[in-house]
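Q: In the numbering used here, the protein residues as written are 699 to 879. Every residue gets a Cβ at the ideal spot worked out from N, C-alpha and C, and that includes glycine. Since the model is a prediction, treat every value here as computed from it, not as a measurement. The following block contains the structure, expressed as structure tokens.
Set out below in structure tokens:
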């Protein structure tokens, strides 16, 4: 299979592929694969069971979004170390425990980067934290967060697998009330 990089930046590159890994030669147009580093998506939870969310301006959308901390795994860095670093860089919180709850590829049609999903408990704000990014934080109860998601005001859809993976695979109770009860 023939491959060539057709665009490259410090954040991602685009590779044109002609053919596929099964030995079939491409017919016509190339397939374009976006190459980005693996990532981490982290839900910090305070000792009193509040989720730490971030507000961040996103140029692609032209507005501030509501998200949870996330970012790239740097070369030579473990996903666990990247998770702790990203939480601190984006929120100023240190976490007592960071637990991997799952992995997955967000866009299986265009990229092969793996997202590592973490729940970070015991999140405590560093009172001496000096933010290096233009990001603010909010603390929300599980029910407040659920209501924001249901109302369509949570933009970071890639973060939602955390709740499935944490709940199903690790039997975590996020403290949501049952709206059907």
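1. Mind checking whether residue 738 and residue 816 have CB atoms under 8 Å apart?
2. Hey, residue 863 and residue 800: beta-carbon distance below 8 Å or not?
3. From 812, 749, 755, pick the residue whose C-alpha is nearest to that of residue 785; which is it?
4. With respect to the beta strand (DSSP E) encompassing residue 729, which residues constitute its N-terminal and C-terminal limits?
5. Can you tell me where the alpha helix (DSSP H) holding residue 845 begins and where it ends?
6. Look at the alpha carbon of residue 811 and the alpha carbon of residue 746, and state the distance between them as a whole number of angstroms.
7. If you draw a straight line from the alpha carbon of residue 667 to that of residue 846, how long is it in whole angstroms?
A: The relevant details are as follows:
1. Their beta carbons are under 8 Å apart, which means residue 738 touches residue 816 by this criterion.
2. In contact: residue 863 and residue 800 (Cβ atoms closer than 8 Å).
3. The shortest Cα separation from residue 785 among 812, 749, 755 belongs to 749.
4. That run of the beta strand (DSSP E) goes 729 to 733.
5. Start and end: 840 to 848.
6. The alpha-carbon atoms of residue 811 and residue 746 are separated by roughly 34 Å.
7. The structure shown has nothing for residue 667, since the chain only spans 699 to 879.
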